[in-house]
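Counting with the numbering used here, you get residues 2 to 230 for the letters of the sequence shown. By construction, the Cβ of each residue, glycine as well, lies at the ideal position given by its N, Cα and C atoms. This one's a predicted model, so the numbers in the text were calculated from it and none came from an experiment. Notes to accompany the following structure.
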Amino acid sequence: MKNILFTLALLVSFPKESALQKSFENNHSDCENLVSFGDINICLPNLPLMKECYSEPLIKMIADLFKGSKNEEIIGFYLSETDYKQAYENYLDDGTKDPYIKIFSYEDVKGVKADNEILNYMRVQSESLYEALEDYKTIERLEEKFDVSFAKPILLENYQITPNSYSVVVLMSFSNEVKNYVQVGIMNYILIKERVIAVAYYEEYSGMDQVSEIKSKNDFFILSLNSMN
Numbered sequence: 002m003k004n005i006l007f008t009l010a011l012l013v014s015f016p017k018e019s020a021l022q023k024s025f026e027n028n029h030s031d032c033e034n035l036v037s038f039g040d041i042n043i044c045l046p047n048l049p050l051m052k053e054c055y056s057e058p059l060i061k062m063i064a065d066l067f068k069g070s071k072n073e074e075i076i077g078f079y080l081s082e083t084d085y086k087q088a089y090e091n092y093l094d095d096g097t098k099d100p101y102i103k104i105f106s107y108e109d110v111k112g113v114k115a116d117n118e119i120l121n122y123m124r125v126q127s128e129s130l131y132e133a134l135e136d137y138k139t140i141e142r143l144e145e146k147f148d149v150s151f152a153k154p155i156l157l158e159n160y161q162i163t164p165n166s167y168s169v170v171v172l173m174s175f176s177n178e179v180k181n182y183v184q185v186g187i188m189n190y191i192l193i194k195e196r197v198i199a200v201a202y203y204e205e206y207s208g209m210d211q212v213s214e215i216k217s218k219n220d221f222f223i224l225s226l227n228s229m230n
């Protein structure tokens, strides 16, 4: 992914700023959580039963463990109210119990303008990062492997929530000293003020019936983030 975004920094074009984007640029009068990324400000929306808390030193220390690369820059980090309290009690030693959201981008693309052509480029490049669900024939055969780790995330679906975003739903395998487990991850790439911002939504997998609900919660956040910026 780092290589993809480094290439993005080299290939990116510089479209003219639209009147609508200009109107949003300084329209943060009702924003309670404004953060900067390079030369832009991003308003992070409030969410019911979740807390954005990356500015807190302890949470930042924990969240930085979730970085995928050294040049990744976390912009926001949401925990459930329960996990937020646990972070101050046991540093989340047992992992998160509830969904969490990470908003981030990369040093390589800070201050670099992008457009929908870049989003499509990232979509094409990201396909090699995932394994197709069809390789397992059925979800039942896939679930038989949940007691062992699978090397690549399993691609379930890709779709667009808005014209300026692209989302990928995957299953990811993890293991720790206690157990092996699977998470549903939704990776969203969204254009905010002509900058590429990534939003990752994670929740532990409990069955395919749960995926639609997770998508709804993810989509609500992306629409909220989009409307605030």
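Got a sec? Which residues, its chain only, sit under 6 Å from residue i by beta carbon, not counting five neighbours each side?
i	result
Asn-219	Ile-187, Tyr-202
Leu-130	none
Gly-112	Gly-39, Asp-40
With 7 Å set as the bound, which would you pick, yes or no: does the beta-carbon of residue i sit closer than that to a beta-carbon of chain C?
i	result
Cys-44	Protein chains in the displayed structure number just one, and chain C is not present.
Can you list, in chain order, the residues of its chain whose CB lies under 8 Å from that of residue i, leaving out five sequence neighbours each side?
i	result
Ser-225	Pro-46, Leu-48
Ser-166	Leu-120, Asn-189, Tyr-190, Ile-191, Leu-192, Ile-223, Asn-227
Glu-53	Asn-34, Leu-45, Asn-47, Gly-77, Phe-78, Tyr-79
Ser-37	Ile-43
Pro-164	Asn-117
For residue i, tell me which candidate among the options has the shortest Cα-Cα distance.
i	options	result
Ile-63	Leu-80, Met-51, Ile-198, Asn-72	Leu-80
Leu-59	Asp-84, Val-170, Gln-184, Asn-72	Asp-84
Ile-75	Leu-156, Glu-57, Lys-103	Lys-103
Lys-216	Ile-41, Val-197, Leu-172	Leu-172
Ala-133	Glu-118, Pro-154, Val-110, Lys-111	Pro-154
Ser-106	Arg-196, Gly-208, Ala-88	Arg-196
Val-110	Leu-156, Glu-73, Asp-210, Leu-50	Glu-73
Tyr-206	Phe-175, Val-200, Phe-221	Phe-175
Lys-114	Met-51, Glu-57, Asp-40, Val-125	Asp-40
Val-212	Leu-50, Ile-198, Val-183	Val-183
Leu-50	Gly-112, Tyr-101, Val-170	Tyr-101
Val-200	Asp-31, Ile-162, Asp-99	Ile-162
Can you tell me whether residue i is helix, strand or coil according to DSSP?
i	result
Gln-161	coil
Glu-73	strand
Lys-114	coil
Glu-204	strand
Met-188	strand
Tyr-89	helix
Met-209	coil
Asn-121	helix
Lys-98	coil
Lys-194	coil
Lys-103	strand
My guess is that residue i and residue j are in contact by the Cβ rule of under 8 Å, so how many angstroms apart are they, rounded?
i	j	result
Glu-204	Val-185	5 Å
Asn-230	Ile-43	6 Å
Tell me, which residues are paired with residue i by DSSP?
i	result
Phe-38	Ile-41
Met-229	Its beta-bridge partners do not exist; DSSP assigns none.
Lys-52	Leu-80
Glu-132	Ile-155
Phe-175	Tyr-182
Ser-166	Ile-191
Please list, in chain order, all residues of the same chain as residue i whose beta carbon is under 7 Å from its beta carbon, the five residues on each side excluded.
i	result
Tyr-55	Lys-61, Ala-64, Ile-75, Gly-77, Phe-78
Phe-221	none
Cys-32	Cys-44, Met-229
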